[in-house]
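As they're listed, the protein sequences go chains A and B.
The numbering of the first sequence is the working numbering, which starts it at 1 and goes up by one.
The numbering of the second sequence is the working numbering, which starts it at 276 and goes up by one.
The beta-carbon is built from N, C-alpha and C at its ideal position, and this holds for glycine as well.
Number of protein chains: 2
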Amino acid sequence: METVSENICFDGTQGVYTHDSKACGCDMTFAVYLPAQAKTGKVPVLWWLSGLTCTHANAMEKAGAQRAAAEHGIAVIFPDTSPRGESIANDDAYDLGQGAGFYVDATQAPWTPHFNMRTYIVDELFGLIAQNFPQIDTTRSAISGHSMGGHGALTLAMTHPEKFKSLSAFSPICHPHGSDWGRKQLGAYLGDESNWGDTDASKLVATHGWTGEILVDQGDADTFLDLLKTQALIDACAAKGQKATITMRAGYDHSYYFVSTFMPDHIAFHAANLK
Amino acid sequence: METVSENICFDGTQGVYTHDSKACGCDMTFAVYLPAQAKTGKVPVLWWLSGLTCTHANAMEKAGAQRAAAEHGIAVIFPDTSPRGESIANDDAYDLGQGAGFYVDATQAPWTPHFNMRTYIVDELFGLIAQNFPQIDTTRSAISGHSMGGHGALTLAMTHPEKFKSLSAFSPICHPHGSDWGRKQLGAYLGDESNWGDTDASKLVATHGWTGEILVDQGDADTFLDLLKTQALIDACAAKGQKATITMRAGYDHSYYFVSTFMPDHIAFHAANLK
Chain A
1 METVSENICF DGTQGVYTHD SKACGCDMTF AVYLPAQAKT GKVPVLWWLS GLTCTHANAM
61 EKAGAQRAAA EHGIAVIFPD TSPRGESIAN DDAYDLGQGA GFYVDATQAP WTPHFNMRTY
121 IVDELFGLIA QNFPQIDTTR SAISGHSMGG HGALTLAMTH PEKFKSLSAF SPICHPHGSD
181 WGRKQLGAYL GDESNWGDTD ASKLVATHGW TGEILVDQGD ADTFLDLLKT QALIDACAAK
241 GQKATITMRA GYDHSYYFVS TFMPDHIAFH AANLK
Chain B
276 METVSENICF DGTQGVYTHD SKACGCDMTF AVYLPAQAKT GKVPVLWWLS GLTCTHANAM
336 EKAGAQRAAA EHGIAVIFPD TSPRGESIAN DDAYDLGQGA GFYVDATQAP WTPHFNMRTY
396 IVDELFGLIA QNFPQIDTTR SAISGHSMGG HGALTLAMTH PEKFKSLSAF SPICHPHGSD
456 WGRKQLGAYL GDESNWGDTD ASKLVATHGW TGEILVDQGD ADTFLDLLKT QALIDACAAK
516 GQKATITMRA GYDHSYYFVS TFMPDHIAFH AANLK
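Put into structure tokens, the structure is as follows:
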């Protein structure tokens with residue numbers, strides 16, 4: 001692991017690091033915010049998964065997470081959204097290939113062997129953080145994300161409850177098996193629909209559920225509502241009796257101005273759950 | 276004036292606008308954050324001047340100003356840092372020409388007639404805001420900024436106390452007449468040093484002063500300390516008995532991670548002064 005940069009922020013440290021990823025077969029960049037409380041003890045951690053076209057940097061720079069994380073003494077990890085590099089497969093579309101890993105392990109050419117974002121997050125980066133940041137207590141991990149990253153947070157948490165203890169999402173893709181944000185990418189990465197497995201949050205509520213409250217915020221002026229299919233998640237939670245607070249926020253859109261507005265609430269939620 | 280975008284943020288509106296500037300002789304872009312309090316009454320306003328290479332967008336996206344502005348019910352205006360366009364004079368250096376207007380009115384070729392950022396901010400944009408945003412009470416204006424924008428805030432406030440009622444700066448260029456961040460640009464824009472006039476914050480403390488407290492935060496790990504010359508401002512305030520709180524912040528650098536950390540304090544300071 002190599003340090004790219006470290007900046008003091010709200011009396012903690014915002015760092016950017018690279019490492020040679022085995023899961024993705026390339027160098028991967030990620031960011032870690034360590035609050036000041038990590039100087040004197042172990043802190044819980046929020047894993048933040050970003051959306052289409054993003055790198056580790058977008059939320060790190062624009063989500064306003066550090067102020068709230070400093071207040072609550074929680075670390076935040078910002079992984080990249082896919083493998084990257086000139087030798088890595090890609091697509092001209094913004095929503096497939098580099099910047100669009102969808103948090104699954106690809107089985108189809110040309111995406112295998114690099115596109116393994118599920119294994120990358122849940123196994124490799126989890127282990128790397130535990131090894132290199134002893135101040136971070138990975139046994140107290142929360143997960144959240146935005147849009148494609150909200151899909152990642154919901155699906156990774158419900159399929160890996162042994163790793164994640166608190167779950168929220170902003171503007172998540174809620175039903176990718178029924179959306180053009182999902183069918184195209186899962187078909188490309190995983191092939192026939194019979195192989196898509198546990199990659200749909202609304203279906204996972206029915207089959208797996210979540211042993212706690214799921215917190216979701218969604219702007220009602222989001223131009224991508226048809227692709228996100230928020231109602232499918234609302235319906236699934238209602239049908240299963242899943243505890244969830246899914247709030248439609250009047251006037252808010254899909255941008256980081258929306259994310260930054262409700263980030264303090266989500267970080268407070270996770271900090272309380274990880275206490 | 277045309278609207279480029281408007282996003283709801285912390286229950287207020289973050290807008291971006293363009294207009295045909297007479298002062299700069301080109302289209303100019305600026306951003307305005309209007310807090311929710313502007314829906315029901317007039318709000319005071321903070322003018323934020325950005326640093327070298329920045330546009331209106333950098334602080335708007337990275338400084339975390341909206342959360343604090345929403346809490347205190349204060350609008351924030353983010354102007355651009357220079358005229359821009361293919362037909363506008365420029366220089367290969369990052370610190371001269373487009374993105375580096377230094378908040379002065381140029382008298383020298385090739386910078387005249389476009390580089391008139393002092394007149395643009397203090398006269399033209401001030402008037403445009405008053406005309407187009409009746410919710411903003413420009414008689415309760417504060418001013419702040421970062422680096423070159425800190426220089427702009429200090430010099431515009433001390434030379435225009437009729438416009439600005441509260442003054443702060445982050446990592447300001449404090450003594451441009453004695454720095455390579457200043458001598459080069461003022462020479463280019465204004466010619467011989469005898470024409471530089473009221474463009475040095477440390478000298479202005481002696482000649483004009485400020486009828487209130489000046490709030491300045493500066494990182495002590497800032498790699499540009501030699502160019503900023505913070506000590507010159509500290510010495511000038513001490514010699515004049517100017518009320519000022521100039522704090523060296525341990526470990527902080529020149530980045531927006533530093534700015535975002537102390538933005539809540541500065542916005543609280545301005546809101547209290549403008550009450």
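Short of 6 Å in beta carbon distance, which residues of its chain neighbour residue i, apart from the five on each side in sequence? Order them along the chain.
i, result
"A/E162", "none"
"B/G290", "E281 and V307"
"B/S454", "L502 and K504"
"A/M60", "A31 and F78"
"A/T53", "Y94 and G99"
"A/H177", "D200"
"A/A65", "V76 and M263"
Between the Cα of residue i and the Cα atoms of the options, which residue gives the shortest distance?
i, options, result
"B/L442", "B/G453, B/H426 and B/G457", "B/H426"
"B/N282", "A/Y189, A/G191, A/S260 and A/A59", "A/S260"
"B/F439", "B/F445, B/W323 and B/F408", "B/W323"
"A/T155", "A/L274, A/F102 and A/A89", "A/F102"
"A/G99", "A/K22, A/A109 and A/D91", "A/D91"
"A/G149", "A/C174, A/I234 and A/E193", "A/C174"
"B/G360", "B/E488, B/A513, B/E277 and B/M303", "B/M303"
"A/D20", "A/G64, A/T40, A/E124 and A/H270", "A/E124"
"B/A513", "B/P451, B/V480, B/A340 and B/T293", "B/V480"
"A/Q231", "A/V104, A/A201 and A/L274", "A/A201"
"B/A546", "B/D473, B/R415, B/A525 and B/L500", "B/R415"
Could you give the distance in angstroms between the alpha-carbon of residue i and the alpha-carbon of residue j?
i, j, result
"A/G219", "A/H254", "7 Å"
"A/A38", "B/H421", "29 Å"
"B/I418", "B/A519", "15 Å"
"A/P172", "B/L490", "42 Å"
"B/T522", "B/G326", "20 Å"
"B/T498", "B/Y527", "10 Å"
"A/M263", "B/C284", "11 Å"
"A/A221", "A/Y256", "14 Å"
"B/D492", "B/H331", "21 Å"
"B/A444", "B/N407", "27 Å"
"A/T81", "A/V4", "18 Å"
"A/L186", "A/K203", "15 Å"
"A/H266", "B/W456", "42 Å"
"B/H483", "A/E2", "50 Å"
"A/S194", "A/M158", "20 Å"
"A/I136", "B/N548", "41 Å"
"A/G41", "A/K275", "14 Å"
"B/Q554", "A/A268", "This structure gives no information on residue 554 of chain B, because the portion of chain B shown stretches from 276 to 550."
Could you check where the beta strand (DSSP E) with residue i kicks off and where it finishes?
i, result
"A/T18", "G12 to S21"
"B/S419", "I411 to G420"
From the beta carbon of residue i, is the nearest beta carbon of chain C less than 8 Å away?
i, result
"A/I8", "Among the protein chains in the structure shown, which are A and B, there is no chain C."
Counting along the chain, where does the alpha helix (DSSP H) carrying residue i start and finish?
i, result
"B/N548", "Y531 to L549"
"A/D226", "L225 to L228"
"B/Y464", "R458 to L465"
"A/F170", "Looking at the DSSP string, A/F170 is not in any alpha helix (DSSP H); the run it does join, the beta strand (DSSP E), is S166 to F170."
"A/T287", "Nothing can be reported for residue 287 of chain A, as the shown portion of chain A is limited to 1 through 275."
"B/Q341", "A340 to H347"
"A/A93", "First-last for A/A93: undefined, no H or E at that position."
"B/Q406", "F401 to N407"
"A/K39", "First-last for A/K39: undefined, no H or E at that position."
"B/N333", "A332 to K337"
Cutting at 7 Å between CB atoms, please list the residues of its own chain near residue i, excluding the five before and the five after it.
i, result
"A/P35", "G12, V43, A69, A70, G73, I74 and A75"
"B/T413", "V320, F401, I404 and A405"
"B/H389", "C299, G300, C301, P358, I363 and A364"
"A/A188", "L96, Q108 and W111"
"B/E488", "K518, A519 and T520"
Bridge partners for residue i per DSSP, in chain order?
i, result
"B/H435", "The partner list for B/H435 (beta bridge, DSSP) is empty, contrary to what the question assumes."
"A/Q218", "A/M248"
"A/T119", "Answer is none; A/T119 lacks a bridge partner."
"B/C301", "B/S296"
"A/W342", "Residue 342 of chain A lies beyond the range of chain A shown here (1 to 275); nothing can be said about it."
"A/I77", "A/V32 and A/W47"
"B/E281", "B/G290"
"B/A375", "B/G372"
"B/D510", "According to DSSP, which records beta bridges pairwise, B/D510 is partnered with nothing at all."
"A/D253", "Looking at the DSSP assignment, A/D253 forms no beta bridge with any residue, so it has no partner."
"A/V105", "Note that residue 105 of chain A corresponds to Asp in the displayed sequence, not to Val. Bridge partners of A/D105: A/N116."
By Cβ distance, which residues of its chain are closer than 8 Å to residue i, with the 5 residues on each side in sequence left out?
i, result
"B/K337", "Y531, V534 and S535"
"A/T119", "A23 and D105"
"B/T486", "P436"
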